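**Q**
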Amino acid sequence: MALLKLYNTETKKKEEVQQKKNPILLYTCGPTVYDFAHIGNFRTYVFEDFLKRTLLFLGYKVRHVMNITDLDDKTIRGANQKKISLQEYTEPFTKAFFEDLSLMRILLADAYPYATDYIGEIIAIIQDLLKKANAYIGNDGSVYFSLRSFPTYGRLSHLKLQELKEGASQRVCVDEYDKESASDFVLWKSYDEKRDGPIYWESPFGKGRPGWHMECSAMALKLLGNTIDIHCGGVDNIFPHHENEIAQSESYTREPFVRIWAHSAHLLVEQKKMSKSLGNFYTVRDLTKKGYGGREIRFLLMQVHYRMQLNFTLLGLDAARASLQRMKDFILRLRTEKKEGVFGKIKECLQEAERGFTTAVADDLNISSALSFLFDLIREVNTLFDQEQIGKKESQEILKFLERIDQVLGFLPLQEEVEAVPEEVQKAFEKRNQARAEKNWKDADFFRKLIQEKGYLVEDTPQGAVLKKREVE
Ligand SMILES: [Zn+2]
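Quick note: the sequence shown uses our numbering, first residue -17, plus one each step.
1) Can you tell me whether Pro395 is buried or exposed? The criterion is at least 16 other CB atoms within 10 Å of its CB, across all chains shown.
2) Let's see if you can read the secondary structure: which residues bound the beta strand (DSSP E) around Phe127?
3) Kindly indicate which residue of Ala78, Thr51, Asn62 and Lys321 has the alpha-carbon position closest to the one of Gln369.
4) How is Leu394 classed by DSSP in three states: helix, strand or coil?
5) What I want to know is whether the C-beta of Asn23 ends up closer than 8 Å to one or more non-hydrogen atoms of ligand 1.
6) On the DSSP bridge list, what partners appear for Leu205?
7) In its own chain, which residues sit with a C-beta less than 6 Å from the C-beta of Asp110, not counting the 5 before and 5 after it?
8) Taking 8 Å as the cut-off, is the beta-carbon of Cys331 closer than that to any non-hydrogen atom of ligand 1?
9) Would the C-beta of Asn364 count as close to ligand 1, meaning under 8 Å from any of its heavy atoms?
10) Give me the residue from Lys374, Glu103 and Ala61 with the minimum Cα distance to Glu319.
11) Check whether the Cβ of Gly215 lies closer than 8 Å to any heavy atom of ligand 1, and answer yes or no.
12) Distance, Cα to Cα, Arg191 vs Asp157?
13) Quick check on the DSSP output: the alpha helix (DSSP H) that includes Ser351 runs from which residue to which?
14) For Leu227, verify whether its CB is less than 8 Å away from any heavy atom of ligand 1.
15) Quick check: does the Cβ of His224 come within less than 8 Å of any heavy atom belonging to ligand 1?
16) Given a cut-off of 9 Å on the beta-carbon distance, is the pair Leu40 and Leu90 in contact?
17) Which same chain residues end up closer than 8 Å to Arg45 when comparing Cβ atoms and leaving out the 5 residues on each side of it in sequence?
18) Going by CA-CA distance only, name the one from Gln230, Asp17 and Leu141 that's closest to Tyr71.
19) Mind checking who Trp423 pairs with in its DSSP beta bridge?
20) Roughly how many angstroms lie between the CA atoms of Tyr126 and Glu227, to the nearest whole one?
21) Could you compute how far the alpha carbon of Asn219 sits from the alpha carbon of Leu439?
22) Quick one: is the Cβ of Cys11 within less than 8 Å of any heavy atom of ligand 1?
23) Got a sec? Which residues, its chain only, sit under 6 Å from Ile360 by beta carbon, not counting five neighbours each side?
24) Taking the alpha-carbon positions, what's the Lys204 to Tyr96 distance?
25) If you run the structure through DSSP and keep just helix, strand and coil, what is Lys(-5)?
26) Give me whichever residues DSSP pairs with Lys451 in a beta bridge.
27) Looking at C-beta atoms only, is the number of pairs between the segment 21 to 34 and the segment 243 to 260 that lie closer than 8 Å three or more?
28) For a test of your reading of the model: does the CB of Asn4 fall under 8 Å from any non-hydrogen atom of ligand 3? Yes or no.
29) Quick check on this structure: which residue in Asn262, Lys77 and Lys382 has the alpha carbon closest to the alpha carbon of Ile328?
30) Please report how far the alpha carbon of Glu81 lies from the alpha carbon of Arg418, in whole angstroms.
31) If we require 3 or more residues per run, which beta strand (DSSP E) segments fall completely within the segment 4 to 52?
32) Using 8 Å as the Cβ pair cut-off and three pairs as the minimum, do the segment 57 to 68 and the segment 102 to 109 touch?
33) What distance in whole Å lies between the Cβ atoms of Tyr173 and Lys159, which are believed to be in contact at a cut-off of 8 Å?
34) Please classify Ile66 as buried or exposed, where buried requires at least 16 neighbouring CB atoms within 10 angstroms.
35) On the criterion of 16 or more Cβ atoms from any shown chain inside 10 Å, does Pro222 qualify as buried, or is it exposed?
36) What do you get for Arg315, buried or exposed, if any count of 16 or more other CB atoms within 10 angstroms of its CB means buried?
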């Protein structure tokens, strides 16, 4: 069985994920449920799903944890503005997130811990860090991590230590900041009535609440153990979030926190950074309202290698839709093929395609190479169809292959039609074709109308008639 090679942000090299008896421990930073997740977030979640599906496809076992950030500067601000509890505020966005996951055909994680359920664990880690002098209490009463106490700080984002030492006299109390302000970061924020309103927890270091970075460390260590095999996120997470996670976690456990760090690149919309003010900001819901489906969005987000910038456009989404429609037609042709074929050549084609596909995804999720094996196969099969070499048995083998690779891709339009084409429609379709062959136009027309009434269409192509489901929109 092929081993997965995955690019490690920390070592800047592709590394083999070692096959073990135990599951691969996978931690992916989850959504901050202060709003609906946008397609930039979903590029990352789809990449993580692709990674997990590839691991499973290659025979690894996986234990996957994704946190739900229901406690940070943004959720608190939102709840206090609306004068409702944190839970009341975050609940609808959490529910929406799970609906979107399902729409995007993302496999569920083994656990979705909520930050607010881990305050006890967080406090215990901070107490330990204070004891070891990795942390100190600042003038404002908040607890900060001391960068000076962790000499390898910056090794993930490849920051120069010299630059850091100069900047490290500063302290930062907000959750998000850029590299220019690399400095002692907050582990526990002391209560500020104006900012926090009624939202706070009691702790040995006073009333307050955890910093965002600390939350992920606590949940990962608790649910996966001291050393995680693969930790993922978007490139935005590398600094400061993941850098800080390493510092806190390793100071606490004195063990390596993560073996491989994997990050997906940015998403642009129409070549620009996505922003509400530019009007190019999309959530998954915005796109479904425009009539696009989860498969189409997923296909578009997966098409570009995860470490390359992806330019998202509605035209691209239309192209993804057209491409999936062609696959749908192809699959339908395979499903409806009845005649006898000439088995032999197709077996070779399938073996070659599967070998190529597997090697491609195992090489740092090389999607373009993997898809080229799929598209080459479709082209070859269509040629063989024209030469009448593909029959029912061959079609079934091809379908089985498509089902296997869809365990990784998750967007092939395989299921709907089989389940959806009711027997009466299939029968009417056959009767209509027979009537047409007998030049019995009246009956042919009768059955065509019957098929239409049931929500299907008949299309005559050079290869013969095909049955299609009518688009709902
Ligand atoms: Zn995180």
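Even glycine gets a Cβ: it sits at the ideal position worked out from N, Cα and C. The structure displayed is predicted, hence computed values, not measured ones.
**A** For this structure:
1) buried
2) Val125 to Phe127
3) Lys321
4) coil
5) no
6) BP columns for Leu205 are empty, so no partner.
7) Tyr234
8) No - ligand 1 has no heavy atom lying nearer than 8 Å to the Cβ of Cys331.
9) no
10) Lys374
11) yes
12) Per the coordinates, the alpha-carbon of Arg191 lies some 12 Å from the alpha-carbon of Asp157.
13) Ile349 to Asp368
14) A small correction: the amino acid at residue 227 is Glu; Leu does not occupy that position in the sequence shown. Indeed, a heavy atom of ligand 1 lies less than 8 Å from the Cβ.
15) His224: yes, Cβ under 8 Å from ligand 1.
16) no
17) Pro5, Ile6, Leu7, Leu8, Asp92 and Leu206
18) Asp17
19) Answer is none; Trp423 lacks a bridge partner.
20) Taking the straight line from one Cα to the other gives about 13 Å.
21) 48 Å
22) yes
23) Phe312
24) 12 Å
25) strand
26) Looking at the DSSP output, Lys451 sits in a beta bridge with Tyr438.
27) yes
28) Ligand 3 is not part of the structure shown, which contains ligand 1 as its ligands.
29) Lys382
30) 45 Å
31) 6 to 10 and 44 to 48
32) no
33) Here residue 159 is Tyr; the residue named in the question, Lys, does not match the sequence. So it is not a contact: roughly 21 Å between Cβ atoms.
34) exposed
35) buried
36) buried
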